[in-house]
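Okay, structure first, notes after.
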Amino acid sequence: MPERIVVSFRGTAALSQPGSTDAVVPVHGRAAASRPRAAGPPSRHRAAPHDTAAAARGDESYLTRALALKKRAEALGGTLCAWSAQTFSFEFTPEDIEEAVLLAALAAEDASVHPDARFAAGIAQGEMTYVGEAGRFTALSWGQPLLVAVTLARVAPPGDVLLDPALPAVLSGELMTLGLHRGVDGARRVRGLRLDAQQPLRRQVVESVARLCTPPLVGRDAELAELAVPPGALAIVRAEAGAGGSRLLLDLLRLLSPSQSAFVAPVGASREPFGALRRALARAARRADKVRAPALPDRLRPALARILDGEGVEPWTAAEVLAAWLAPADARFGLLAVDDAAEVDAASLEVIAIALEMGTGLRAVVRLGRADPLPAPLTAISPAATVTLGPLSAPSAQDLVRHLLDGCIDEAAARRWAARAPASPLALRELLCEALESGALRWIGRSVAPRRRSAGRGRPARTMTGAELAAPAASRPIEGRLRLLSIGPRTILTALATLGGDASDAAIDALCDGTGAPKVASIEAALLGAGWVFRPEPGWLKLSSRTLRDTLLAAVPPGERAAWHLAAARVVEDHAGALGLADAAWHAARAGDRRSAADLAARAARAAGDALLESAAAELLAFADEQETARDHRLDEAPDSVSSQPPTYRTPIEVVGDAPEPPGALSAEELADLEARRAAAESAARRRGSTMPAGVNGAGSSRGAVAGRAAWPDDRRAGLPDDTPADLTDATALEADATAMATAMEGELLPGDAPGDPLAKTSESPVLSMNDIAVRLAELARQALVQGDLRSLERLVGELRRTGERADLVERMSGLIALGRGAKDDALRRLRIAAEAEAEPARRARALLAHGVALAAAGRAEGALLEALSALARAREADDRRGEQACARFLARLAAAAGHEEAARTWARVARAAGAAQPS
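Numbering (my numbering), first residue to last: 12 to 931.
The structure is reproduced here in C-alpha cells:
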C-alpha cells in the first residue's frame with residue numbers, strides 16, 4: 012500500500028432545480044438562523060458584506076470551479092481519488108508536498124470567488140488502498156488519510172486549509188502555519204493547523220530575510236564626530252563583538268573622505284606574517300583600479316608585488332609601501348582602519364606602527380574589544396581619541412528595527428522586538444532574521460506583523476551586566492537560525508569559518524570536497540540573500556560577523572574538529588603563499604599532525620627569514636620546535652570551542668636567549684676553587700648569624716649541586732661562549748631576565764639549589780639587618796627566576812618590596828613576572844619605565860637589557876636589538892665588563908634566533924673578550 016498525500020476540498024453546492032424534489036426543502040425565518048451550520052464554524056471573513064445573490068451564483072458555479080481545480084491538480088501531478096456531492100480529493104506522492112500545498116493554497120486564496128463561497132481544504136498523509144481506475148488521472152482509493160483530510164475539510168471555514176498535525180512536512184517545519192483550529196464533525200472532535208496560504212512554505216519565509224534593509228548607522232553620531240582625528244593621529248574604538256564596531260569603521264571611511272583608504276582585518280588563523288596587510292592592500296588595489304590608483308615610486312613596486320604574492324619584505328620597506336599608498340592627495344590624507352586588532356598578526360601591526368611614525372599624515376583608527384590591551388607594536392603611539400561603543404538606547408533600538416524592516420512595522424511591534432535585544436545592533440538584526448525564518452514575524456507586502464499574538468512577547472531584556480555585555484549577544488539567535496538551516500549550506504558556512512571567515516570560492520569548494528556539500532556557486536544566492544555572507548570582492552565570500560564565525564566553530568562536534576583542521580591545512584597549503592604556510596602549520600597542529608605542522612612552520616620560517624622578518628621567523632621556528640618535541644597533544648582544547656583564534660605563539664623566552672643554558676663539566680681545579688669559596692662564604696655567614704636555608708650557601712648541599720652541574724652533557728652548552736665564568740661573587744650583578752642573569756651569575760645560582768621555603772628563614776630574621784635581608788631576597792629571587800618558579804619569585808619580590816630596598820630590582824622583577832604570566836603589555840610598561848628612569852650607567856644598562864629581553868619575548872626583535880645596543884653602550888660607559896658580556900651574549904642569541912649566524916658568531920667573540928677582560 013503506497014503512501015500518499017491526500018488533499019480534500021469541501022465546497023457549497025446549491026440545487027439547480029429545488030422544486031424538482033421534496034427531499035430537500037429550504038428553511039426560512041428565525042429557526043433557520045438559530046440552527047448551527049452543519050458544514051462548519053462561521054466564516055472568519057465577518058467584515059465582508061454578505062451578498063445572497065453572489066453566494067447563490069457561487070453555489071451554481073461549484074462544479075465549474077471543481078473541474079477547474081481538477082485540471083490544475085492534474086497539471087501539478089495529482090490524481091483524483093474520491094468525489095462526493097460536496098467534497099472531492101486528490102492524492103500526491105510524498106515528494107510532491109509543495110505541489111499539494113500549492114494547490115490547496117491557490118484554491119483558498121481565489122480572489123475571483125466570494126470569501127464565503129471559497130473551498131475549504133484538509134491535508135493528511137498515509138497509506139492508501141487502491142480501489143479502481145476510472146480514467147487516466149483518476150484512481151479511486153481509500154484509506155485513513157482520506158478520512159482525516161475530508162474531516163478536516165468539513166470543519167474548516169471557507170478559504171482555510173487545515174493540516175493534520177502529524178503531517179511529516181509539519182513536523183519538519185517545512186510548512187508555515189497560523190495556529191490551531193478546533194471543530195466538531197458529528198460525534199468527533201477535530202483539530203488541525205491552519206496553513207498560511209500566503210506564505211505556505213518555509214523557503215518563501217526565508218526569502219523575506221533578503222528584504223531586510225541596510226540601515227544607516229543609528230545612535231553613533233557623537234562617536235563618529237570624536238573619531239575625526241587630525242592627520243598623523245591614532246584613534247581607538249573599543250567595542251565588543253556585535254556592538255557595531257566594524258560598521259562604525261566603514262562609515263568613518265566614507266565620512267572622512269580620505270585620499271586613499273585601507274581596511275585591515277584578521278586573515279585566516281592570524282598566523283601568516285603580513286597576512287592582514289596583504290589582504291588589505293590587495294583589496295585596496297582592486298578598488299583603486301576602478302578609480303585612480305596611487306602612484307608608487309618605482310623602487311617600491313617590487314616590494315608591493317612581493318607583499319601581494321605572500322612573500323613579504325622587510326618591515327620598514329613594507330611601511331614605506333603602506334605610507335606611499337595612503338599618501339596625501341588634494342589636501343586630503345589617507346586613512347587606515349584596523350578591525351579586530353587583537354587578532355591581527357603582529358607583523359602587520361608593526362608595519363602600521365612604523366608607517367604612522369613616518370610623518371606622512373596617515374591617520375589610523377583601531378578597533379579593539381572593551382578589555383583588549385593595545386597590541387604591543389602600537390603601544391609607543393599615544394592615541395588622540397578613544398571611544399567606547401555601549402549598548403543602544405531604547406529609542407535607537409526601535410529606530411534600528413524600523414530601518415531594518417523598511418518601515419513596514421508599526422510602533423508597537425517595533426518596540427516589542429527592540430526590547431528583546433537592546434544592547435547589540437547585531438543581536439537585533441539576527442533576532443529579526445530568526446523571527447522571519449522561524450515564522451514568528453510575517454512580512455506580506457508592506458506589512459510586517461507577528462504571525463501569532465504571542466510572538467515577540469515575553470520578559471523584556473533587563474539591564475545587562477558587564478559580563479553579559481562582554482559576551483556576544485547575537486550568539487543565541489544565530490544558533491536558532493543555524494538549527495533551521497539545511498545541511499548543505501551549513502557545511503559551506505562551517506568550511507568558511509574554519510578558513511577564518513574570509514576565503515575564496517575555490518578554497519571553500521576544495522575544503523568541502525568529499526563532504527557532499529554543494530558548490531558555492533549553486534547556493535551563493537541563498538547565502539547572500541539570508542545575510543550569512545557577503546562578497547568583499549569577486550570570487551570571495553566573507554562571513555557577516557565574527558560572532559557568526561565563532562558560533563559556527565563552537566557548533567562543530569569535538570570529534571569532527573580534527574578532520575576539519577586536517578583538511579584545512581591541506582587547502583591552505585595549496586592556496587596560500589610562502590608566508591601563508593604558517594596558517595597551514597597551525598591547522599595541522601590542531602589536527603594532531605605534528606610532523607606536518609613542524610615542516611610547514613619551518614618552511615614559513617625560512618620565507619620569513621628571507622624577507623628579514625626576524626621576529627616572525629623566530630616565532631615560527633619556536634612553533635616548529637614545539638611541534639617536534641611535544642607529546643600527548645590533546646585536540647579540541649578550550650580555544651577551539653570558543654573562537655577560531657587560539658593563543659598567539661610569540662617567541663618563547665628561551666628562543667631569544669632567556670633561559671639559562673646548562674653548565675658544562677668543571678675541572679678538578681675549578682671544583683676545588685668553588686668548594687673553597689663556598690666554605691668561606693659559609694664561615695662568614697655563620698659569623699653574622701646567617702639563617703639562610705640549607706643548600707643555598709651551605710656546604711652540605713654544595714657538593715651535590717656541583718656534581719649536578721658537572722653532569723650536564725657538553726652538547727647542551729653549544730651556544731654559550733667557551734669562557735663562561737664558573738662563579739660570580741658580586742651579589743648585585745646584572746639581573747635582566749633568565750638568560751641575561753643566568754649568564755652573568757651562572758656560578759652563584761646553580762640548578763638544584765632551590766630553597767624549600769625561603770621566606771620562612773629570611774623575612775623574619777632577628778639577626779640580619781634590613782639590607783642583609785634584601786641582599787638574601789634578591790639572591791633567592793634571581794634563583795627562582797632562573798628556575799622558572801614564578802610563584803616563588805612573586806612571593807620573594809613581594810617580600811623584597813616590603814623591605815623598601817632595591818626598588819629598581821623590584822620593578823624589573825615585577826616586569827619579568829608579568830611577562831611570565833602572559834601580561835606582555837604590563838611587563839613592557841614596567842620595564843620601559845625602569846629603562847627610562849635616571850640612574851647611573853651600570854644600573855641603566857641592566858634596566859635597558861631587561862626591557863630588551865621583554866621586547867624580544869613579545870616578538871619585537873628590532874626594539875630588543877636597539878635596547879640591547881643601548882645597554883651595551885651604558886655598560887661600557889660604566890666599565891662594567893660583566894654587563895658588557897651579558898649584553899653581547901644576548902645580542903648573539905638575538906642574531907642566532909633570527910638566522911644571522913655570522914652576526915651571532917661576532918657577538919659571541921665580543922662576549923668572550925669581555926669575559927676575558929674581567930678582573931679575577
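The beta-carbon is built from N, C-alpha and C at its ideal position, and this holds for glycine as well.
Grouping DSSP H, G and I as helix and E and B as strand, with all else coil, what is Gln155? helix
Going by C-alpha distance, which of Arg317, Ala899, Ala850 and Leu311 is nearest Ala334? Leu311
In angstroms with no decimal places, state the Cα-to-Cα distance between Thr23 and Tyr73. 7 Å
Return the residue from the list Ala353, Leu319, Leu307 and Gly137 that minimises the CA-CA distance to Gly331. Note that residue 331 corresponds to Glu in the displayed sequence, not to Gly. The residue with the shortest Cα to Cα distance from Glu331 is Leu307.
To the nearest angstrom, how far is the alpha carbon of Phe545 from that of Leu632? 36 Å
Residues bridged to Tyr73 [DSSP beta-bridge criterion]: For Tyr73, which the question treats as bridged, DSSP gives no partner whatsoever.
CB contact flag (Leu157, Cys92, <8 Å): yes
Neighbourhood of Leu646 by C-beta, 6 Å cutoff - its chain only, sequence neighbours within 5 removed: Any reading at Leu646 must be qualified, since the residue scores a pLDDT of 44, below 50, and its modelled position is unreliable; the value itself is stated next. Answer for Leu646: Ala573 and Gly603, listed in chain order.
Could you check if Trp597 is buried or exposed, using at least 16 other CB atoms within 10 Å of its CB as the buried criterion? buried
Any 3 or more C-beta pairs closer than 8 Å across the segment 339-359 and the segment 267-284: yes
Quickly, what does DSSP pair Lys553 with across the bridge? List them, please. Lys553 pairs with Asp513 and Phe545.
In the structure shown, what three-state DSSP assignment does Pro13 receive? coil
Here's a check: name, in chain order, each residue in its chain whose Cβ is nearer than 8 Å to the Cβ of Val220, leaving out the five neighbours to either side. Residues Cys444, Leu447, Glu448, Gly540, Ala541 and Gly542 of the same chain have their beta carbon placed closer than 8 Å to that of Val220, with the five preceding and five following residues left out of the count.
How far does the alpha helix (DSSP H) with Val412 in it reach, from first residue to last? Ala405 to Leu415
Suppose you measure from the CA of Ile503 to the CA of Ile519; what does that come to, to the nearest Å? 7 Å
On the premise that Ala135 lies in contact with Glu159, defined as a C-beta separation below 8 Å, what is that separation, rounded to the nearest angstrom? In the sequence under discussion, the amino acid at residue 159 is Val, which differs from the Glu named in the question. With a Cβ gap of about 4 Å, Val159 and Ala135 count as contacting.
Pick from His586, Pro436 and Asp890 that is closest to Pro402, judged by C-alpha positions: Per the Cα distances, Pro436.
Thinking just about the alpha-carbon of each residue, which of Asp891, Leu883, Leu411 and Val531 is nearest to the one in Leu902? Distances from the alpha-carbon of Leu902 to those of Asp891, Leu883, Leu411 and Val531 put Leu883 closest.
Given this structure, state the Cα-to-Cα distance separating Ser497 from Val531, to the nearest angstrom. 14 Å
Out of Thr640, Asp585, Ala600 and Ala115, which one is the CA nearest neighbour of Ala84? Ala115
Closest Cα partner of Leu347 within the set Asp636, Leu238 and Leu319: Leu238
Give the range of the beta strand (DSSP E) segment to which His192 is assigned. Taken as a continuous stretch (DSSP letters only), the beta strand (DSSP E) holding His192 covers Thr188 to Asp196.
With a threshold of 6 Å on Cβ separation, who are the neighbours of Gly243 within its own chain once the five nearest residues in sequence on each side are excluded? Excluding residues within five positions, the ones whose Cβ falls inside 6 Å are Gly372.
Where the alpha helix (DSSP H) containing Phe634 begins and where it ends: Where Phe634 is concerned, the enclosing alpha helix (DSSP H) stretches over Glu625 to Thr640.
From Leu319 to Val362, what does the alpha carbon distance come to, in whole angstroms? 15 Å
Using only alpha-carbon positions, find the residue among Leu379, Trp327 and Val377 that is nearest to Glu368. Trp327
How long is the line joining the alpha carbons of Ile489 and Glu441, rounded to whole angstroms? 6 Å
Given a cut-off of 8 Å on the beta-carbon distance, is the pair Ala508 and Arg560 in contact? yes
If you draw a straight line from the C-alpha of Leu189 to the C-alpha of Arg205, how long is it? 5 Å
Local conformation of Gln136 per DSSP, three classes: Looking at Gln136 - three-state DSSP - the assignment turns out to be strand.
What span of residues does the alpha helix (DSSP H) with Thr90 cover, start to end? If you look at Thr90, you'll find it isn't in any alpha helix (DSSP H); it sits in the beta strand (DSSP E) that goes Thr90 to Trp94.
Does the beta-carbon of Asp309 have 16 or more other beta-carbons within 10 angstroms, so that it is buried, or is it exposed? exposed
Residue nearest to Leu288 in terms of C-alpha spacing, selected from Pro305, Leu266, Leu264 and Ala316: The residue with the shortest Cα to Cα distance from Leu288 is Ala316.
Under 8 Å, do Leu592 and Glu584 count as touching if we go by C-beta distance? yes
Distance between His862 and Gly418 (C-alpha atoms, nearest Å): Here the alpha carbons of His862 and Gly418 stand approximately 58 Å from one another.
Ile392 - DSSP class collapsed to helix/strand/coil: coil
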